[in-house]
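If you're matching them up, the sequences are chains A and B in order.
Numbered according to my numbering, the first sequence terminates at residue 352, and the numbering increases by one at each position without gaps.
Numbered according to my numbering, the second sequence terminates at residue 142, and the numbering increases by one at each position without gaps.
Even glycine gets a Cβ: it sits at the ideal position worked out from N, Cα and C.
Just so we're clear, the structure is a prediction, and the values are computed from it rather than from any experiment.
Here is the structure we will look at.
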Amino acid sequence: MTLTAAEHEVTGWAEAVEAYFERGWTDGLPVVPATADAVQAFLEAAGREPGDVVLREATRRRSITAEKVAINAVMAGCRADYMPVLLAALEAMADPAFTLHGAITSTGGSATLVVVNGPIRQRLGFNAGGNVFGPGWRANATIGRAIRLITLNCLGAQPGLLDRSTQGHPGKYTYCIAELEEESPWEPLHVARGLPRDSSAVTVYAAEGPHNVLSHYGETADAIVVAIADTMACLGSFSPGESFVVLAPEHVQILARDGWTRTRLREALYAGARRTVADLKRGGKLAGAVAPGDDARWVHRGQGPDDIHLVVAGGGAGGHSAFIPSWSRERNSLAVTREIRA
Amino acid sequence: MTIRILDPTVRAEEGADVAVAKRVADLDGKVLGLLHNGKVNGDHLLDLVREQLAARYRLRDVVVVRKPSASRVADPDVLDRLARECDAVVTAIGD
């Protein structure tokens, strides 16, 4: 196996770590120096040749080979057996529906949320439980980080250059969760999106950060739906774009107990997540002055119930779900799901 | 201990399809294209550009095209039309 990436000689491990900083090749945190031995092991684990093109981004004319994916995966701290997840995520990001160039450069400052489903969750040790968006699990942390390093190093989306995020958000360091399928009364995300139950899959989504939905004391489905729909209707993120709702186990158990299905929940959230035209104008979300009748004209978040994607994840205790708005305010970037071939 | 680290970066591909268009010395008798990126006020910005250029040159014609979305690249049909019909094109980000 012959690698083609340029090599830079340094005198030791600590110097190698510094060399990445000096060359502007990190996300601001130290990386694992990527040597030829490590990169070859990653490619072998993935069954890929160094020159295989994994992703082509047409706007900036970048072709990312399996070798460059492996180099950045080593740097991010991945294990070799994470490669199939990373490759599937990049394949999904290459789908024209994702609009990769816009998603990684826009002032909107999105990060690529990666949601993992299927048996690979246990095999690679993904966290789908407590602190699901937080630190502590290598698979979540390093796969999300590898996506960011590839965005920086291979797609040219460096802050201030191509990445013109006004603020960005912390998910731009890493943003990878797994679904807690075992605690869900409903079909998991990848099945809802057309894949077989026993397959493993990634779903990528150009996303804002998670908005907490705390609802503790209603203890009914109705109360939970009111709280989630209200969060989804917040002016700051309001748009006709897609939504992810990451349901806490406690919330989804109450919903199931009260007889709610996925379909009913999506319909209720679509119906409830709405604002008047007057509100949208007052908040600077629509141009123009408030006109007679604007207080009675309603606009919904998204274009329909199908724009709301449901995932179950989080710890056993606590009524904290999350609403994650899309970066895209229209149809410019949509969630994409791909099977993981491992 | 010597360590060799591998370059993780990817550069843009060189391609024949991205040659820079022939420059025009002025716009007298020329067709001006205006490609609006679809964001709010982008049209106003391009209107001002059009006024300024029309005051300075005798434009033969102006072709105005609007992208449906700022985030997505223009359709090949749109780019082909601009290339075919225009001598120079101005595009703008308004917001």
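Close beta carbons around residue i, own chain, < 8 Å, minus the five adjacent residues each side
i, result
"L279(A)", "V235, I238, A239, M242, S253, V255, P315, I318"
"V96(B)", "L81, V137, A139"
"V41(A)", "V27, Y30, W35, M85, A86, G87, L159"
"L245(A)", "R285, D289, L290, G293, K295"
Within chain B, the residues that residue i reaches when beta carbons sit closer than 7 Å
i, result
"E19(A)", "T49, R51"
"N342(A)", "S116, S118, R119"
"I234(A)", "The premise fails here: I234(A) is roughly 33 Å from chain B at the closest Cβ pair, so nothing lies under 7 Å."
Residue i versus residue j - alpha carbon distance
i, j, result
"V64(A)", "V49(A)", "15 Å"
"A80(A)", "G119(A)", "26 Å"
"R311(A)", "E17(A)", "50 Å"
"V212(A)", "C164(A)", "21 Å"
"W270(A)", "G293(A)", "34 Å"
"T75(A)", "L13(A)", "11 Å"
"A55(A)", "E218(A)", "33 Å"
"W196(A)", "G181(A)", "27 Å"
"D75(B)", "E132(B)", "15 Å"
"R113(B)", "G22(A)", "55 Å"
"A24(A)", "L190(A)", "39 Å"
"V262(A)", "L275(A)", "10 Å"
"E32(A)", "V125(B)", "42 Å"
"A258(A)", "A281(A)", "21 Å"
"N137(A)", "I187(A)", "7 Å"
"P335(A)", "E19(A)", "44 Å"
"P206(A)", "G251(A)", "27 Å"
"D91(A)", "I52(B)", "21 Å"
Same chain only: Cβ atoms within 6 Å of residue i, ignoring 5 sequence neighbours per side
i, result
"A86(A)", "T152, R155, A156, L159"
"H83(B)", "G89, D90, L93, R113"
Beta-carbon proximity list for residue i, same chain, < 7 Å, skipping 5 on both sides
i, result
"V6(B)", "Residue 6(B) is absent from the structure shown; chain B starts at 48 and stops at 142."
"H226(A)", "G329"
"T176(A)", "T117, G119"
"N342(A)", "T109, G112"
"A352(A)", "P94, I130, S210"
"A121(A)", "H179, G181, K182, Y185, A217"
"E67(A)", "L110, H111, L165"
Anticipated Cβ contact below 8 Å, residue i with residue j, distance rounded
i, j, result
"V346(A)", "A98(A)", "With a Cβ gap of about 10 Å, V346(A) and A98(A) do not count as contacting."
"E229(A)", "V322(A)", "No, E229(A) and V322(A) are not in contact; Cβ-Cβ is about 18 Å, not under 8 Å."
"T69(A)", "V87(B)", "Not a contact, Cβ separation roughly 22 Å."
"I50(B)", "T45(A)", "6 Å"
Residue i Cβ short of 7 Å to the ligand ATP heavy atom set
i, result
"V321(A)", "As presented, the structure is devoid of all ligands, the ligand ATP included, so that no description of it is given."
Contacts that residue i makes with chain A (C-beta to C-beta distance below 9 Å)
i, result
"R113(B)", "Ordered by position in chain A, no residue passes the 9 Å Cβ test against R113(B), which lies about 14 Å from the chain."
"A149(B)", "This structure does not reach residue 149(B), given that chain B is present from 48 up to 142, and the question cannot be answered."
"V87(B)", "A297"
Beta-ladder partner(s) of residue i, from DSSP
i, result
"C186(A)", "V124(A)"
"R348(A)", "V212(A)"
"D31(A)", "For the record, residue 31(A) in the displayed sequence is Phe; it is not Asp. Paired residue(s): none; F31(A) is not in a bridge."
"D173(A)", "P169(A)"
"G133(A)", "Per the sequence shown, residue 133(A) should be read as Arg rather than Gly. DSSP, once it has assigned bridges, lists no residue as partnering R133(A)."
"W308(A)", "T286(A)"
Contacts of residue i in chain A (Cβ-Cβ under 8 Å)
i, result
"V125(B)", "In chain order: nothing, as chain A lies at least about 15 Å away."
Cross-chain neighbours of residue i in chain B, by beta carbon under 8 Å
i, result
"V49(A)", "L53"
"A26(A)", "I50, I52"
Chain A contact residues for residue i, given Cβ-Cβ distances below 7 Å
i, result
"T138(B)", "Near T138(B) there are no residues of chain A at all, since even the closest Cβ is about 14 Å away, more than 7 Å."
Proximal chain B residues relative to residue i, where beta-carbon distance stays under 9 Å
i, result
"L13(A)", "L53"
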